[in-house]
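Quick note on our numbering: the sequence shown kicks off at 22 and runs consecutively. Report on the structure given below.
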Amino acid sequence: NLEQPYQYAKRNGLNSIRINGGINGIGKLTLLGFTLEEQADLLGCEYRDGEIYVSDNFNPKPISLLFAREKADGSELYTVVYKCIFKNPRDAGTTAQGSMDNITKTLEFDVLVDTSKKLTYFTLDTKLADKNKVENFFKEIQIPGGVK
Numbered sequence: 022n023l024e025q026p027y028q029y030a031k032r033n034g035l036n037s038i039r040i041n042g043g044i045n046g047i048g049k050l051t052l053l054g055f056t057l058e059e060q061a062d063l064l065g066c067e068y069r070d071g072e073i074y075v076s077d078n079f080n081p082k083p084i085s086l087l088f089a090r091e092k093a094d095g096s097e098l099y100t101v102v103y104k105c106i107f108k109n110p111r112d113a114g115t116t117a118q119g120s121m122d123n124i125t126k127t128l129e130f131d132v133l134v135d136t137s138k139k140l141t142y143f144t145l146d147t148k149l150a151d152k153n154k155v156e157n158f159f160k161e162i163q164i165p166g167g168v169k
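Given below as structure tokens:
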């Protein structure tokens, strides 16, 4: 969920100019079969020898999330959200009986602007986009063609 706050400036007593603020957002990512090592990578926690822990100086590192959605015509929309910072999970004490293979975990994250790229997200249509970008989308973070 992305938002861009705005306000109006008045000219001759009427709202006539819209001034946009920065884009920010929040999101949720639900994962199935989440290992401790993967959790440490996403959250920026410490992982060593089968143990994960959060210290007092917990400061998660931003990561980029990549998604694919199928379209009705069979092509897909690929999206990268450039700067996501995950929140510390609230269910650290959750227990389950039986197999852990089917346990899902929902993580919340904030979406910020990646100031080095001056971008928040980018979506491309696999049917129309540059084939090199489509083939490499999940191998390296792609940048829109008009951005340097």
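C-beta: ideal position from N, C-alpha, C; glycine also.
Beta-carbon proximity check, residue i vs residue j, cutoff 9 Å
| i | j | result |
| --- | --- | --- |
| Tyr103 | Lys138 | yes |
| Thr125 | Thr56 | no |
| Asp146 | Leu98 | yes |
| Ile38 | Arg32 | yes |
| Val132 | Ile73 | no |
| Pro83 | Cys66 | no |
| Thr127 | Lys49 | yes |
| Asn148 | Asp94 | Note that residue 148 corresponds to Lys in the displayed sequence, not to Asn. Going by C-beta atoms, Lys148 is nearer than 9 Å to Asp94. |
| Gln163 | Val101 | yes |
Cβ-based neighbour list, residue i, same chain, cut-off 6 Å, excluding 5 preceding and 5 following
| i | result |
| --- | --- |
| Glu141 | Glu is not the amino acid found at residue 141; the sequence shown has Thr there. Once the five neighbours on either side are set aside, the close Cβ partners of Thr141 are Ile44, Val134. |
| Pro26 | Gly42 |
| Asn36 | Tyr29 |
| Leu19 | The structure shown does not extend to residue 19, since the chain is modelled only from 22 to 169, so the question has no answer here. |
Contact belief for residue i with residue j at Cβ below 8 Å, rounded distance in angstroms
| i | j | result |
| --- | --- | --- |
| Asn109 | Leu64 | 7 Å |
| Phe88 | Phe107 | Going by Cβ atoms, the distance from Phe88 to Phe107 rounds to 15 Å, so no, they are not a contact pair. |
Per DSSP, the bridge partner or partners of residue i
| i | result |
| --- | --- |
| Cys105 | Ile84, Val132 |
| Asp146 | Leu98 |
| Asn45 | Glu24 |
| Leu140 | Asp135 |
| Leu53 | Thr125 |
| Glu91 | Glu97 |
| Leu35 | Arg32 |
Cβ neighbour criterion (16 or more within 10 Å) applied to residue i
| i | result |
| --- | --- |
| Val168 | exposed |
| Phe79 | exposed |
Contacting residues, own chain, Cβ-Cβ under 7 Å from residue i (five flanking each side not counted)
| i | result |
| --- | --- |
| Tyr68 | Leu57, Glu58, Ala61 |
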